[in-house]
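Participant: Going down the list, the sequences are from chains A and B. Position 105 of the first sequence, counted from 1, bears residue number 105 in the numbering used here, the numbering being contiguous throughout. Just add 1000 to wherever you are in the second sequence, counting from 1, and you've got the numbering used here. Even for Gly, the Cβ is constructed at its ideal location relative to N, Cα and C.
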Amino acid sequence: KAGVTQTPRYLIKTRGQQVTLSCSPISGHRSVSWYQQTPGQGLQFLFEYFSETQRNKGNFPGRFSGRQFSNSRSEMNVSTLELGDSALYLCASSPGLGSPLHFGNGTRLTVT
Amino acid sequence: ILNVEQSPQSLHVQEGDSTNFTCSFPSSNFYALHWYRWETAKSPEALFVMTLNGDEKKKGRISATLNTKEGYSYLYIKGSQPEDSATYLCATARGNTGKLIFGQGTTLQVKP
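(1) Between the region 74–100 of chain A and chain B, which residues of the former have a C-beta closer than 9 angstroms to a C-beta of the latter?
(2) Note down, in chain order, every chain A residue with its Cβ under 8 angstroms from the Cβ of B/ILE1101.
(3) Using beta carbons (cut-off 8 angstroms, strictly below), is A/GLY66 in contact with chain B?
(4) Assuming A/VAL4 contacts A/SER65 under a Cβ cut-off of 8 angstroms, what Cβ separation, rounded to an integer in Å, is found between them?
(5) Can you tell me the Cβ-Cβ gap for B/SER1007 and B/THR1022, rounded? I've got them flagged as a contact below 8 angstroms.
(6) Cβ of A/PHE103 less than 8 angstroms from any chain B Cβ?
(7) Cα-Cα, which of A/ARG73, A/GLN36, A/THR107 is closest to A/ASN59?
(8) Taking the straight line between their C-alpha atoms, what separation do you get for B/THR1092 and A/GLY42?
(9) Which bits of chain B does A/SER31 rub up against, with CB to CB less than 9 angstroms?
(10) Per DSSP, what kind of secondary structure is A/GLY84 in: helix, strand or coil?
(11) Within a Cβ cutoff of 6 angstroms, which residues of the same chain sit near A/LEU83, ignoring the five residues on either side of it in sequence?
(12) In terms of residue numbering, what span does the beta strand (DSSP E) encompassing B/GLN1006 cover?
(13) So with Cβ pairs under 8 angstroms, would you call A/GLU48 a contact of chain B?
(14) Quick check on A/ASN56 - is its C-beta less than 8 angstroms from some C-beta in chain B?
(15) In the DSSP output, which residue or residues are listed as bridge partners for A/THR14?
(16) Would A/GLY16 pass as an interface residue toward chain B - the criterion being a Cβ-Cβ separation below 8 angstroms?
(17) Cβ of B/GLN1009 less than 8 angstroms from any chain A Cβ?
(18) So, B/SER1080 versus B/GLU1015, is the Cβ gap smaller than 8 angstroms?
(19) Is it the case that the Cβ atoms of A/GLY106 and B/SER1043 are separated by a distance below 8 angstroms?
(20) With DSSP run on the structure shown, which of helix, strand or coil describes A/GLU48?
(21) Going by CA-CA distance only, name the one from B/ARG1094, B/THR1087, B/LEU1066, B/GLY1098 that's closest to B/SER1010.
(22) Would you tell me roughly how many angstroms separate the C-alpha atoms of B/VAL1110 and B/MET1050, rounded to the nearest one?
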């Protein structure tokens, strides 16, 4: 089985721009969640989607949004980028609650 | 305890040493405890998911225990090898949700 695929791997954007990150989960996995990792911080939960519905949301501003498509692929959007948004963004998929997460390689976003 | 806390923050051991780390978490509304291994330049890899008090899991030289009443889990590595060098993350799912709260991780360096 192919693993979780995230694109792009690296992104450089300037403040004020917006960005869209993509995640293709493992085939058959209906849950997709997103995490942010910044230096000195652990993995911070952004949101989780299941069957195209946002099931959980972390404590991030409304500039962070996401969606899930009928084929379980997910996108995450960050608008009006700030320097503090520079981070590694990880996507993870799982078959459902109680199952381990399968992580992608992440997208490294740099905001200048 | 309000957050997930891991100790120690980092650990340096010699090849062949056995070692253990601690994960402390809020015991209220507990649903599951996850352990992940994160090697440099790779994505986090699931080790264990534990749900029951007293649960013990084993995978090769790595094992974990869970105490949900007092809110802690131990991860043990027997006979550490250089390839065990990684950051070990624990995370809790509180309530029946897909949202995981991660600790800051324990970084293990095994010297040959």
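Facilitator: If we stick to the structure as given:
(1) LEU90, ALA92, SER94, GLY96, LEU97, GLY98, SER99, PRO100
(2) PHE45
(3) no
(4) No, A/VAL4 and A/SER65 are not in contact; Cβ-Cβ is about 20 angstroms, not under 8 angstroms.
(5) 5 angstroms
(6) yes
(7) A/GLN36
(8) 13 angstroms
(9) GLY1098
(10) helix
(11) VAL111
(12) 1005–1007
(13) yes
(14) yes
(15) DSSP, once it has assigned bridges, lists no residue as partnering A/THR14.
(16) no
(17) no
(18) yes
(19) yes
(20) strand
(21) B/THR1087
(22) 26 angstroms
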